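For reference, the structure discussed in these notes is given below.
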Amino acid sequence: MSGARLANAIRQQARMSTNDFALPRLATISSYDASNHAVKVQLQPEDPEIGPQESNWMPLGAIGIGNGWGFAVGPQIDDQVLVVYENGDFSSGTIVARVFSVAQKAIAVPSGEIWAVHQTGSFVKMVTNGDIDVSTAGNLNANVAGNMTANVTGNASTSATNASVTATGTASVTAPSISLGATGQSLMSFVTSAMVAFFNAHTHTSTTPGTPTSTPNQTMGSGQLTSTVKGG
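The UniProt record's numbering applies: residue 1 is where the sequence shown begins, and numbers increase by one.
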């Protein structure tokens, strides 16, 4: 047998031996089981003679896993994925990657950046200059079971339509200078009113007309004291 015929025979035998060997395939997600992070898929492209082929449930790969730990993104129906088969067994598929397509266009992430983007416009972005940008289309909720500490070496500013601070214990603000705007005027008005009321209500023991009066019968105590508020 010539060398060419021998090579053809080897290739034919190799094809026959892999007829039942499932190669990696692109597919689209058709069902999602959130409790088990598993999906069913339909293989792409569809075989026109067979029609749509839906798989059994198969695990969906995740960035990080663990018992009680994990970093996962729930898929959407029709997301394009890459399926591989353990030992080529079609019944033992695993999703190893999700692949952007013409139908699911990629987000334009600059080189070196990390983005988490929601369809509503909310996002968390780690950008190239080291900043972390956060934007929410709705509410931003944070629940802290323990202590919360924020250390800012630069400036910090907060603006809101309305703002409230509630403490079941004590609340303190410490700074060399504290400037209060409209809210500060209300606070100073409160302090001034308390002082005026105390001043106008206090009395002295009667003495001979024209001589200094004695000390007030009512003296100022801790109830009338407040911390000094000084402008910037």
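Backbone N, C-alpha and C fix where the C-beta goes; we use that ideal spot for every residue, glycine too. Bear in mind the structure is a predicted one, so any value in this text is a computation, not a measurement.
- Query: Taking Asn139 as the reference, which of Ala150, Ala145, Gly121 and Lys125 has the closest Cα?
  - Reply: Measuring C-alpha to C-alpha distances from Asn139 to each of Ala150, Ala145, Gly121 and Lys125 identifies Gly121 as the nearest.
- Message: Would Ala137 and Lys125 qualify as a contact pair, given that the criterion is a beta-carbon distance under 9 Å?
- Response: Inclusion of Ala137 and Lys125 in the CB contact set at 9 Å is not warranted, their separation being larger than that value.
- Task: Taking 9 Å as the cut-off, decide whether the C-beta atoms of Gln44 and Ala27 are in contact.
- Result: Yes, Cβ-Cβ distance for Gln44 and Ala27 is below 9 Å.
- Val109 classed as buried or exposed, judged by whether at least 16 other C-beta atoms fall within 10 angstroms: When all chains shown are included, Val109 counts as exposed.
- Query: Given that a residue counts as buried once 16 or more other Cβ atoms are within 10 Å of its Cβ, and exposed if not, what is Asp78?
  - Reply: Around the Cβ of Asp78, a 10 Å sphere holds fewer than 16 other Cβ atoms; the residue is exposed.
- Which residues DSSP lists as bridging Ser135, in chain order: According to DSSP, Ser135 bridges with Phe123.
- Message: Rounded to whole angstroms, what is the Cα-Cα separation between Glu113 and Glu86?
- Response: Each residue's CA atom was taken as its position, placing Glu113 and Glu86 some 33 Å apart.
- Query: What's the C-alpha gap between Gly154 and His118?
  - Reply: If you draw a straight line from the Cα of Gly154 to the Cα of His118, it is about 30 Å long.
- Query: By DSSP, does Gly61 sit in helix, in strand, or in coil?
  - Reply: Gly61: coil per DSSP, three-state reduction.
- Message: Can you tell me where the beta strand (DSSP E) holding Thr208 begins and where it ends?
- Response: No beta strand (DSSP E) contains Thr208, which DSSP labels as neither H nor E.
- Message: Buried or exposed, going by whether 16 or more other CB atoms sit within 10 Å of the CB of Thr213?
- Response: With fewer than 16 other Cβ atoms within 10 Å, it is exposed.
- Looking only at its own chain, which residues have a Cβ that is under 7 Å from the Cβ of Gly51, when we skip the five neighbours before and after it? There are no such residues.
- Gly93 burial status per 10 Å Cβ neighbour count (16 or more: buried): Burial call: buried.
- Taking DSSP as the reference, what is the three-state secondary structure of Ala197? Taken through DSSP and simplified to helix, strand or coil, Ala197 comes out as helix.
- Message: Would Arg98 and Val81 be called neighbours here (beta carbons separated by less than 9 Å)?
- Response: For Arg98 and Val81, yes; Cβs fall inside 9 Å.
- Query: So which of Asp47, Phe90 and Gly70 has the shortest CA-CA distance to Trp57?
  - Reply: Distances from the CA of Trp57 to each of Asp47, Phe90 and Gly70 were compared; the closest alpha carbon is that of Phe90.
- Task: Please classify Glu86: does DSSP put it in a helix, a strand, or coil?
- Result: Reduced to three states, the DSSP call for Glu86 is helix.
- For Phe100, which residues of its own chain have a beta-carbon under 8 Å away from its beta-carbon, when the five flanking residues on both sides are left out? For Phe100, where only same-chain residues beyond five positions count, the Cβ hits under 8 Å are Gln80 and Ala106.
- Query: Since Ala171 and Val165 are thought to touch, with beta carbons under 8 Å apart, how far apart are those beta carbons, to the nearest angstrom?
  - Reply: About 6 Å separates the two Cβ atoms, so the contact holds.
- Taking the Cβ atom as the reference point for each residue, do Thr74 and Ala103 lie within a distance shorter than 9 Å? Strictly speaking, residue 74 in this sequence is Gly, with Thr absent from that position. No, Cβ-Cβ distance for Gly74 and Ala103 is not below 9 Å.
- Is Gly61 closer than 9 Å to Ile29 when the C-beta atoms are compared? Contact: no.
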